[in-house]
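*Asks:* This is the structure I want to talk about, given as structure tokens.
Following this line, the structure appears as structure tokens:
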């Protein structure tokens with residue numbers, strides 16, 4: 148099987164590594180606009196060969212792992228280039244606009260809209276790791292629009308690398324992911340910004356930062372080139388989540404100003420139930 152990976156960073160590179168380990172008789176080709184990244188991916192053994200769009204006619208599977216704003220323009224071109232039995236899937240964190248752009252494409256049946264919920268805060272080929280997708284959820288949207296035999300081809304690969312599958316419509320995906328992913332990244336970036344600005348006057352502030360701070364701002368190390376287009380494409384949902392988040396922050400500040408420590412305790416105690424929710428979800432995933 149000839150697998151082409153377009154965009155060989157954390158997600159594309161990790162998928163390439165896992166597919167090479169889990170699937171027999173596979174050759175992984177890499178396409179990258181960044182020549183240094185392409186050379187690095189080849190030297191690290193993440194890909195077997197370099198390629199260009201002109202080689203896409205050889206592909207049995209194409210993984211598109213590029214910023215979502217670039218996907219909107221490139222996916223139609225990629226679909227134009229592949230043969231009828233090739234499945235093309237993306238790994239973008241937004242789905243509505245991508246699905247909308249491709250809804251009338253002559254080869255829409257060749258496309259599978261995906262979002263593997265996995266990653267780290269690092270980027271580039273050197274960030275690619277083995278088993279990144281083991282026991283992680285891969286959300287698939289509009290599966291009914293993809294040719295059944297091409298669905299099967301992709302699902303076999305997803306199963307081989309250890310993913311669990313969940314089906315969702317693009318609108319619901321973008322709304323839910325704004326809360327559990329996009330808002331988390333904004334919070335991390337803005338917390339980091341707040342502390343950096345304070346650190347200008349208090350040089351030792353980072354000496355006092357513990358593991359709690361480090362884990363909270365971990366996502367602030369993520370690529371702005373990837374995340375800015377995500378916020379742009381999911382603007383409406385992201386603004387809604389921010390409004391609700393800001394309301395909660397404002398309410399917390401007002402309780403402090405009023406010395407309402409019983410209210411603060413109750414807010415935190417009520418929120419503690421998230422531990423049970425996350426635990427139940429983890430157990431459910433292990434059973435599945």
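In this note's numbering, the protein residues as written are 148 to 435. A virtual CB, placed ideally from N, CA and C, is assigned to each residue, including glycine.
#1: Once DSSP output is grouped into helix, strand and coil, what is the label at residue 239?
#2: Can you give me the C-alpha to C-alpha distance between residue 228 and residue 176, rounded to a whole angstrom?
#3: Let me check understanding here. Comparing Cα to Cα, which of 279, 189 and 325 lies closest to residue 380?
#4: Between residue 263 and chain B, is there a C-beta pair that is closer than 8 angstroms?
#5: Quick check on residue 214: buried or exposed, where buried means 16 or more other Cβ atoms within 10 Å of its Cβ?
#6: Going by DSSP, what residue range makes up the alpha helix (DSSP H) through residue 316?
#7: Which whole-angstrom value describes the C-beta separation of residue 211 and residue 222, a residue pair presumed to lie in contact below a C-beta threshold of 8 angstroms?
#8: So does the region 358 to 376 actually touch the region 331 to 342, counting three or more Cβ pairs closer than 8 angstroms?
#9: Measuring alpha carbon to alpha carbon, tell me which residue in 321, 284 and 148 is nearest residue 170.
#10: Relative to the alpha-carbon of residue 154, which residue among 386, 209, 368 and 246 has its alpha-carbon at the smallest distance?
#11: Going by DSSP, which residues form a beta bridge with residue 91?
#12: Under 8 angstroms: do the region 283 to 295 and the region 179 to 187 share three or more Cβ pairs, one atom per stretch?
#13: Would you list the residues sitting across from residue 208 in a DSSP beta bridge?
#14: Sort out for me which residues DSSP pairs residue 175 with in a bridge.
#15: Quick check on DSSP: helix, strand or coil for residue 197?
#16: In angstroms, rounded to a whole number, what distance separates the CA positions of residue 388 and residue 234?
#17: Report all residues from its chain with a CB closer than 6 angstroms to the CB of residue 308; omit the five preceding and five following residues, and keep chain order.
#18: Excluding the 5 residues preceding and the 5 following residue 265 in the sequence, name in chain order all residues of the same chain whose CB lies nearer than 6 angstroms to its CB.
#19: In three-state terms, what does DSSP make of residue 280?
#20: Report the partner residues of residue 258 according to the DSSP bridge assignment.
#21: According to DSSP, is residue 270 part of a helix, a strand, or is it coil?
#22: For residue 254, collect the residues of the same chain with a Cβ closer than 6 angstroms to its Cβ; drop the 5 residues on either side in sequence, then sort them by chain order.
#23: Comparing C-alpha positions only, which one of 272, 270 and 242 sits nearest to residue 263?
*Replies:* From the atom records:
#1: Within the chain shown, residue 239 is the residue found at index 92, counting from 1. Here residue 239 sits in coil by DSSP.
#2: Sequence index remark: in the chain shown, residue 228 carries index 81 (1-based). Sequence index remark: in the chain shown, residue 176 carries index 29 (1-based). Going by C-alpha positions, residue 228 is about 15 angstroms away from residue 176.
#3: Here the question's residue 380 lines up with position 233 in the chain shown. With respect to the C-alpha of residue 380, the residue from 279, 189 and 325 having the closest C-alpha is 325.
#4: Checking the listed chains, one finds no chain B in this structure; it contains a single protein chain.
#5: Indexing the chain shown from 1 puts residue 214 at position 67. Here residue 214 is buried: its Cβ has 16 or more other Cβ atoms, across all protein chains shown, within 10 Å.
#6: In the chain shown, residue 316 corresponds to position 169, counting from 1. Per DSSP, residue 316 lies in no alpha helix (DSSP H) and is assigned neither H nor E.
#7: Taking the first residue of the chain shown as 1, we reach residue 211 at position 64. Taking the first residue of the chain shown as 1, we reach residue 222 at position 75. Yes, they are in contact, since the Cβ atoms of residue 211 and residue 222 sit about 6 angstroms apart, within 8 angstroms.
#8: A contact exists between the region 358 to 376 and the region 331 to 342.
#9: For this step, residue 170 is matched to residue 23 along the chain shown. For residue 170, the nearest C-alpha among the options comes from 148.
#10: By one-based count along the chain shown, residue 154 stands at place 7. Across the set 386, 209, 368 and 246, the C-alpha of 209 shows the shortest separation from the C-alpha of residue 154.
#11: Absent from the model: residue 91. The displayed extent of the chain is 148 to 435, so no value can be given.
#12: Cβ pair count under 8 angstroms is below three, so no.
#13: As a working note, residue 208 is residue 61 in the chain shown. In the DSSP assignment, residue 208 is bridged to 150 and 234.
#14: Indexing the chain shown from 1 puts residue 175 at position 28. By DSSP's assignment, residue 175 forms a beta bridge with 150.
#15: By one-based count along the chain shown, residue 197 stands at place 50. Three-state result, residue 197: strand.
#16: Counting from 1 along the chain shown, the entry for residue 388 is found at position 241. Counting from 1 along the chain shown, the entry for residue 234 is found at position 87. The straight-line gap from Cα to Cα measures roughly 34 angstroms.
#17: Taking the first residue of the chain shown as 1, we reach residue 308 at position 161. The residues are 165, 169 and 280.
#18: For the purposes of this step, residue 265 is taken as residue 118 along the chain shown, with counting starting at 1. 279, 280 and 283, listed in sequence order.
#19: Here the question's residue 280 lines up with position 133 in the chain shown. In this structure, residue 280 counts as coil in the three-state DSSP scheme.
#20: The sequence position of residue 258 within the chain shown is 111, counting from 1. Under DSSP, residue 258 takes part in a beta bridge, and its partners are 235.
#21: Residue numbering aside, residue 270 sits at position 123 when the chain shown is read from its first letter. Coil.
#22: In the chain shown, residue 254 corresponds to position 107, counting from 1. Scanning its chain for C-beta atoms nearer than 6 angstroms, with the 5 sequence neighbours on each side dropped, one finds around residue 254 the residues 226, in chain order.
#23: Taking the first residue of the chain shown as 1, we reach residue 263 at position 116. Among 272, 270 and 242, the Cα nearest to that of residue 263 is on 242.
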